[in-house]
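Colleague: Numbering (the working numbering), first residue to last: 6 to 192. Think of the CB as a built atom: it goes at the ideal place given N, C-alpha and C, for glycine as much as any other residue. Everything numeric in this text was worked out from a predicted model, so none of it was measured.
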């Protein structure tokens, strides 16, 4: 899911680490920053910093990468749990970038801010169906896609709320980038 940038027509506010290419000088100036205990939100933080500095990220709708899928349903659960938990670390950056001063407390609100992020993300995810340069979905296929989006969002939200309450179980593998089987060293 991509969000249009106010910086330029055809630009995006966000990107994903495995779907982006940088000019060397741009990457040198805006590198990923370390985020301890975060599984996969570094690119979102970098995108927010680039936007704040006026750097437009061009969205190329026909540029696609292939993504390895998790090897099991259990790994899908782990992936969604970790991504939901990452929203706790991402929330302060989002609040700082988009919320007025009187709502800045949401960035340090325990589970409340991340829950708000998850609700907004669900709305955008559902709205993105049929608007992401893919063939349109209608009828039962659209209903199935919406059900799938809601189910994944509920898993993400569970990870966000639990982590927002200060519990971090299931995150040790994320710190070592070994959460899923395809992250592990096979040697």
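Within the same chain, show all residues whose beta-carbon is closer than 8 Å to that of residue 22, passing over the 5 residues directly before and after it, in chain order.
Modeller: In the chain shown, counting from the first residue as 1, residue 22 sits at position 17. For residue 22, where only same-chain residues beyond five positions count, the Cβ hits under 8 Å are 37, 45, 47, 48.
Colleague: Exposed or buried, which one is residue 129 when buried takes at least 16 other CB atoms within 10 Å?
Modeller: Within the chain shown, numbered from 1, the residue matching residue 129 stands at position 124. It counts as exposed.
Colleague: Please confirm if the region 8 to 22 is in contact with the region 53 to 66, defined as three or more CB-CB distances below 8 Å between the two stretches.
Modeller: Taking 8 Å as the limit for Cβ pairs, the verdict is that the region 53 to 66 does touch the region 8 to 22.
Colleague: Measuring straight from C-alpha to C-alpha, what distance separates residue 83 and residue 159?
Modeller: For the purposes of this step, residue 83 is taken as the residue at position 78 of the chain shown. For the purposes of this step, residue 159 is taken as the residue at position 154 of the chain shown. So the alpha carbons of these two residues sit roughly 13 Å apart.
Colleague: In this structure, does DSSP put residue 25 in helix, strand or coil?
Modeller: The count along the chain shown starts at 1 and reaches residue 25 at position 20. Here residue 25 sits in coil by DSSP.
Colleague: Counting pairs of beta carbons, one from the region 164 to 176 and one from the region 110 to 128, are three or more of them closer than 8 Å?
Modeller: Enough Cβ pairs lie closer than 8 Å, so yes.
Colleague: Could you pull the start and end residues of the alpha helix (DSSP H) that residue 49 belongs to?
Modeller: Position 44 of the chain shown holds residue 49. Here the alpha helix (DSSP H) through residue 49 covers 47 to 57.
Colleague: Which partner residues of residue 9 appear in the DSSP bridge assignment?
Modeller: To locate residue 9, count along the chain shown from 1; it is residue 4. Paired residues: 17.
Colleague: Could you check how far apart the C-beta atoms of residue 40 and residue 94 are, in whole angstroms? I think they sit under 8 Å.
Modeller: As a working mapping, residue 40 is identified with position 35 in the chain shown. As a working mapping, residue 94 is identified with position 89 in the chain shown. At roughly 6 Å, the Cβ-Cβ gap stays under 8 Å, so residue 40 and residue 94 are in contact.
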